[in-house]
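Asks: Pasting a structure here, questions to come.
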Ligand code: GLC
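Numbering (the working numbering), first residue to last: 1330 to 2143.
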């Protein structure tokens, strides 16, 4: 693979050239502190929320040159040189970009190690975020590979943002005026601080402190960026380093701030030296001082690195393990997609090198992320379910998201949000058997949204609690809202948008309806009926089956265009995603969800729909979101028609939606198609990384679609995407088909016919099931023989043994 490779165990991705086609990044994080880092140490850190508490500076265009970051400049004055000529470099290639003699970046689970060699000095920096602490640690080893003594000047360096990223983007030169950065002589560290926290008229005291420290002997320090860089320079050409003019600036007040130390390190022939750099943010200074004291102790820092590595390994490797004829598939499923699902669960969709970093977490994204993680960490799902449920109002609507620092998002709900939590709760109960969660009491939300399209601007203060009810009641209200909030065809109103955020004008006039949302509603109504059966509420169960049937009939009547399902209706009643519409004729969502919801099966249309998808949406880089792309602005649909053809929601290969289809293929028994489609999207199966450009170890939100004028196949918006969750579920629950169910583990693989043997190690309800799947006749689906510990089992369900032991399951397809 050009630019890098996986380690033999698949748990590291080793980048072998510093200038990859785009920054290839990693997330070093616990659930409060997060550092995003590229292969050359570019990126930023934040504390609790990537908008309100950004620590390091970063801006969207930095994606192109991947600076600033977490750097260590090195400088060596050649002994005896007349005019003090110096060699200068940066240990991570960036920002000076001097050509290294060797370079390697190893992105691992919870750490990144960047190694380089310059002028006979090898350096290795391992960056990590300790499991439970509000800081990051850089563990550095320098080795003198030569036989002469070396005297190096070292300059660990970061650039502060400190505070609200959005305000910074809008009012940078005003935000700088609040800056105070200073060297604390007594504690030998640099503080990063702002006088106040300012969001619109919401002004608060800034109680958090950034801090930067090292265990090196500090000989100098700089806090003022302008003074450090020199006139008209960037961090690629800092005058202090290049010209040797470093001057102490112990206080930065009201201007751009940095943190940089000067240290001198002497290395004898073949000698090594280890040291640490610590960066973090805490509420108040006392905690920061404790962290600095702790991690300045090299032994402690090293121990913390080992603990962090062990924790991530346990999280990722200690659960589902698959073995198939496809090694790339196994690498993704056993390590990287799980890791990506974890990161999505921790930080949702906001912090990345692509996203706008608006902070907080989205409602629908969180529901899907926490559903996906429930087979590897059901406790996390449980917590998330109860939190998300507390965003539901008594009228059944949901707040669109929340932030850990500023609470529930107080704007209009998307009309699809109401259907997602039911699916997550169902999966969680199937996974754990914990139906008691339905009886948990959860508060209702009272906030600015007062129903319909209105926001009550007179409501002061934050969200409030509006009494409480059981989780079951919350879900029921959620679904009833969606069931009743319909247009003239009886299909749900699309309002501000549905799953597709960019169809944001079709329902502006409160009339546009969504066929996709109707299908998704059917699925959740059916799921809720199943939950009613669990709680023994027979009448309600019947009521929800009836509701599901009613909506199914409406979709099959109003939403069918003869060969596929229409996408929706605009405010003025025009159907789109249909033959008669000149662009955007066929959308994948309504075909995939017709199968996922059972709507297509109810009308005997499954095969017709699948054919239409093959014919119009498939291509060499995967399944497109729709066809054809919009070439001109459609005011009746909105933003979807504004993106460049083939990008984002305008007919990209939108991997999240493509995985809806992959699950649909599996439900329909099409193993070969499911696998083919899956392979085209896999980041480690791309044919040309100069075309694909993105990281080969995590999924992209989309690949640029076939109608792009020149970028077809380019991976975009990596890491924080619902793709990871659906890819994981598609692979484990559907393709390999070892699937949670209320009564036990369903064994229902849907394989590519040339997979003759595969296995899944599946922890389930306290036991471990080692499932061997055999496919001697090369079929795609259909278990004909099933045994549990050698005893034949009828049907396809393994009931949990419940003894906490490992059990052997053998399934033969035929
Ligand atoms: C992004 C959003 C997701 C949305 C999708 C389609 O991935 O995070 O919530 O469903 O785009 O618009």
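All residues carry an ideal CB built from backbone N, CA and C; glycine is no exception.
State buried or exposed for residue 1561, treating a residue as buried only when at least 16 other CB atoms are found within 10 Å of its CB.
Replies: With fewer than 16 Cβ atoms within 10 Å of its Cβ, residue 1561 is classed as exposed.
Asks: Less than 9 Å separating the beta-carbons of residue 1673 and residue 2048?
Replies: Yes; because the gap between Cβ atoms is below 9 Å, this pair is in contact.
Asks: Who are the near neighbours of residue 2100 in its chain, counting only those whose CB is closer than 7 Å to its CB and skipping five residues on each side?
Replies: Hits under 7 Å: 2067, 2076, 2088, 2089, 2091, 2138 and 2140.
Asks: If we call anything under 9 Å between Cβ atoms a contact, is residue 1699 one with residue 2069?
Replies: Not closer than 9 Å, so no.
Asks: Output the distance between the C-alpha atoms of residue 1623 and residue 1544, rounded to the nearest integer angstrom.
Replies: Computed Cα separation, rounded: 11 Å.
Asks: Compute every distance between the C-beta of residue 1694 and the non-hydrogen atoms of the ligand COA, then say whether any falls below 8 Å.
Replies: With respect to the ligand COA, the structure offers nothing, as its ligand set consists of the ligand GLC.
Asks: Helix, strand or coil: how does DSSP classify residue 2089 here?
Replies: Looking at residue 2089 - three-state DSSP - the assignment turns out to be strand.
Asks: Which residues in the same chain as residue 1552 place their Cβ atom closer than 7 Å to its Cβ, once the five residues preceding and following it in sequence are excluded?
Replies: Once the five neighbours on either side are set aside, the close Cβ partners of residue 1552 are 1510, 1511, 1512, 1519, 1578, 1579, 1580, 1581, 1586, 1587 and 1588.
Asks: Quick check on DSSP: helix, strand or coil for residue 1557?
Replies: The answer is helix: DSSP assigns residue 1557 an H, G or I state.
Asks: DSSP beta-bridge partners for residue 1885?
Replies: Answer is none; residue 1885 lacks a bridge partner.
Asks: Closest to residue 1669 by C-alpha separation, out of 1438, 1850 and 1343, would be which residue?
Replies: Looking at the Cα atoms, 1438 is the closest of the given residues.
Asks: For residue 2150, which residues of its own chain have a beta-carbon under 8 Å away from its beta-carbon, when the five flanking residues on both sides are left out?
Replies: Nothing in the structure corresponds to residue 2150, since the chain is present only between 1330 and 2143.
Asks: Report whether the distance from the Cβ of residue 1609 to the nearest heavy atom of the ligand GLC is below 8 Å.
Replies: No, the ligand GLC has no heavy atom inside 8 Å of this Cβ.
Asks: Is the Cβ-Cβ distance between residue 1508 and residue 1596 less than 9 Å?
Replies: The answer is no: Cβ separation not under 9 Å.
Asks: Go ahead and label residue 2181 buried or exposed: buried means 16 or more other beta carbons lie within 10 angstroms of its beta carbon, across all protein chains shown.
Replies: The question about residue 2181 has no answer here: the residues shown for the chain are numbered 1330 through 2143.
Asks: Roughly how many angstroms separate the alpha carbons of residue 1811 and residue 2055, rounded to a whole number?
Replies: For residue 1811 and residue 2055, the distance between alpha carbons rounds to 24 Å.
Asks: Taking residue 2138 as part of the beta strand (DSSP E), name the residues at either end of that continuous run.
Replies: Run containing residue 2138: 2135-2142, per the beta strand (DSSP E) assignment.
Asks: Please classify residue 2097: does DSSP put it in a helix, a strand, or coil?
Replies: Residue 2097: strand per DSSP, three-state reduction.
Asks: Inspect the CB distances between the segment 1446-1459 and the segment 1634-1651 and report whether three or more fall short of 8 Å.
Replies: Contact holds: three or more Cβ-Cβ distances are below 8 Å.
Asks: Compute the beta-carbon to beta-carbon distance between residue 1372 and residue 1333, rounded to the nearest angstrom, for a pair I have assumed lies under 8 Å.
Replies: So it is not a contact: roughly 18 Å between Cβ atoms.
Asks: Got a sec: does the ligand GLC put a non-hydrogen atom nearer than 8 Å to the Cβ of residue 1955?
Replies: No, the Cβ of residue 1955 stays beyond 8 Å of every heavy atom of the ligand GLC.
Asks: Hey, could you find the ends of the alpha helix (DSSP H) residue 1619 is sitting in?
Replies: 1615-1625 is the span of the alpha helix (DSSP H), which, as asked, contains residue 1619.
Asks: Nearest by alpha-carbon distance to residue 1541: which of 1377, 1980, 2121 and 1465 is it?
Replies: Considering only alpha carbons, the answer is 1465.
Asks: Can you give me the C-alpha to C-alpha distance between residue 1649 and residue 2093, rounded to a whole angstrom?
Replies: Going from the Cα of residue 1649 to the Cα of residue 2093 covers about 9 Å.
Asks: For residue 1344, which three-state DSSP category applies?
Replies: Residue 1344 falls in the strand class under three-state DSSP.
Asks: Using 10 angstroms around the beta-carbon of residue 1475, count the other beta-carbons present and answer buried if the total reaches 16, otherwise exposed.
Replies: Classification of residue 1475: exposed, given that the 10 Å Cβ count is below 16.
Asks: From the DSSP output, in three-state form, read off residue 2055 for me.
Replies: Here residue 2055 sits in helix by DSSP.
Asks: Is residue 1830 near the ligand GLC, judged by its Cβ being under 8 Å from some heavy atom?
Replies: Because some heavy atom of the ligand GLC lies under 8 Å away, the Cβ of residue 1830 counts as near it: yes.
Asks: Whose C-beta lies closer than 7 Å to the C-beta of residue 1733 among residues of the same chain, with five residues either side of it excluded?
Replies: Cβ neighbours of residue 1733 beyond the five flanking positions: 1377 and 1378.
Asks: Touch check for the segment 1759-1774 and the segment 1828-1842: three-plus C-beta pairs under 8 Å?
Replies: At 8 Å Cβ cutoff, the stretches do not touch.
Asks: Could you compute how far the alpha carbon of residue 1339 sits from the alpha carbon of residue 1659?
Replies: Cα-Cα distance, rounded: 9 Å.
Asks: Give a single yes or no on whether residue 1976 has its beta carbon closer than 8 Å to a heavy atom of the ligand GLC.
Replies: No, since every heavy atom of the ligand GLC falls outside the 8 Å radius drawn around the Cβ of residue 1976.
Asks: Can you tell me whether residue 2041 is helix, strand or coil according to DSSP?
Replies: Correct three-state label for residue 2041: coil.
Asks: Does the distance between the C-beta of residue 1688 and the nearest non-hydrogen atom of the ligand GLC fall short of 8 Å?
Replies: Result no, Cβ not under 8 Å from the ligand GLC.
Asks: Determine the direct distance from the alpha carbon of residue 1847 to that of residue 1967, and round the result to whole angstroms.
Replies: Distance between the alpha carbons of residue 1967 and residue 1847 is about 20 Å.
Asks: Is residue 1643 helix, strand or coil by DSSP?
Replies: Helix, per DSSP.
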